[in-house]
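Structure record follows, encoded as structure tokens.
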Amino acid sequence: MGHLDHAALGWLTPALSYAMACTGAALGLRCTVRALGATGRSRRNWLLTAATAIGTGIWTMHFVAMLGFRVGGTDIRYDVPLTLMSLLVAMAVVCAGVFAVGYGRDRPRALLLGGLTTGLGVASMHYLGMAAVRLHGDVAYDPTRVALSVVIAVAAATAALWAALNIRSPLAVTLASLLMGAAVSSMHYTGMFAVSVRVTPSGEALPGATAMQFIFPLAVGLGSYLFLTSAFVALSPTAGEREASASAQQPAGSAAG
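Here the sequence shown is numbered in the working numbering, starting from 2 and rising by one per residue.
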């Protein structure tokens with residue numbers, strides 16, 4: 002069996018991946034709160050932004066953590082199409098869950114359906130990302146730990162959607178985001194601890210790209226998107242602020258008339 006190191010770069014990758022998960026969760030929650038207070042096209046756009054943020058945060062968390070993954074006795078490469086597909090899966094399933102909650106009339110049913118869909122999608126993203134790993138050897142999984150990681154994913158997704166429906170204050174959103182980031186990270190490392198590798202030494206070149214060639218630049222780009230979008234959302238006025246501004250300007254307009 003090859004020796005697996007899940008934090009070859011020390012605490013850098015676990016800490017940074019947790020920060021990415023929290024940022025995506027916080028942005029997604031804020032956008033969902035904005036969506037629930039909007040109607041029509043505005044609601045749809047806020048929900049799309051929320052889904053993109055949460056999906057991007059989860060995917061970035063996974064692959065930033067993977068930057069610290071090493072297996073003794075073999076190099077590691079990543080299949081580029083499968084890696085990109087895992088990103089699309091993350092965004093698509095989160096989008097389905099968020100829209101189920103955003104437009105569902107039966108809130109409890111929508112929450113359960115959205116949480117199950119999103120959680121299974123997050124788990125699919127994780128294991129699809131693992132399927133993109135190329136190394137000299139065979140990868141196996143402990144079924145019990147895999148099942149536990151899926152349960153954690155579904156529970157985390159359901160909790161996230163519940164928070165989106167019930168939490169409004171910035172402080173509560175921040176606390177919920179920290180808990181969601183911890184849940185997503187727990188799901189990732191539970192899934193990673195389910196992995197075992199039987200190394201088969203070989204001098205053949207592995208197909209695919211190294212983490213630094215492909216994963217790192219993409220993660221930096223998506224991380225920048227999260228932070229820039231967070232700044233935009235933080236600076237954009239809420240529906241209440243727009244109404245207050247319109248009310249404040251109305252007397253002045255009436256006086257002028």
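For each residue, glycine too, the CB sits at the ideal point set by N, CA and C.
| Query | Result |
| --- | --- |
| Per DSSP, what kind of secondary structure is residue 192 in: helix, strand or coil? | helix |
| State the start and end residues of the unbroken alpha helix (DSSP H) segment that holds residue 153. | 144-167 |
| Counting pairs of beta carbons, one from the segment 71-82 and one from the segment 228-238, are three or more of them closer than 8 Å? | no |
| Where does the unbroken beta strand (DSSP E) through residue 135 begin, and where does it stop? | 134-136 |
| In this structure, how does DSSP classify residue 141 when only helix, strand and coil are distinguished? | strand |
| Taking just the CA atoms, how far does residue 137 sit from residue 22? | 30 Å |
| Where does residue 75 fall in DSSP's three states? | strand |
| Let me make sure I understand the geometry here. Which of 218, 105, 83 has the alpha-carbon closest to that of residue 36? | 105 |
| Given a cut-off of 8 Å, decide if residue 118 and residue 101 are closer than it, judged by their beta-carbon atoms. | yes |
| Under the rule that 16 or more other beta-carbon atoms within 10 Å means buried, what is residue 211, buried or exposed? | exposed |
| Of all the options 226, 228, 80, which has the alpha carbon lying nearest to the alpha carbon of residue 216? | 80 |
| When burial is assigned at 16 or more other CB atoms within 10 Å of the CB, is residue 221 buried or exposed? | exposed |
| Exposed or buried, residue 202, counting other C-beta atoms within 10 Å across all chains shown (16 or more means buried)? | exposed |
| According to the Cβ coordinates, are residue 116 and residue 162 closer than 8 Å? | yes |
| Taking the beta carbon of residue 258 as the centre, do at least 16 other beta carbons fall within 10 Å, making it buried, or is it exposed? | For residue 258, the predicted model reports a pLDDT of 49, less than 50, meaning its position is unreliable and no value from the coordinates is stated. |
| What residue range does the alpha helix (DSSP H) around residue 213 cover? | No alpha helix (DSSP H) contains residue 213, which DSSP labels as neither H nor E. |
| Taking the beta carbon of residue 60 as the centre, do at least 16 other beta carbons fall within 10 Å, making it buried, or is it exposed? | buried |
| Counting only runs of 4+ residues fully inside the segment 55-113, write out the alpha helix (DSSP H) ranges in chain order. | 81-104 |
| With DSSP as the reference, identify every bridge partner of residue 199, one or two as the case may be. | 139 |
| If distances are taken between C-alpha atoms only, which option among 5, 141, 103 comes closest to residue 75? | 5 |
| Between the C-alpha atoms of residue 180 and residue 42, what's the straight-line distance to the nearest angstrom? | 31 Å |
| Buried or exposed: where does residue 47 fall if 16 or more other Cβ atoms within 10 Å of its Cβ makes it buried? | buried |
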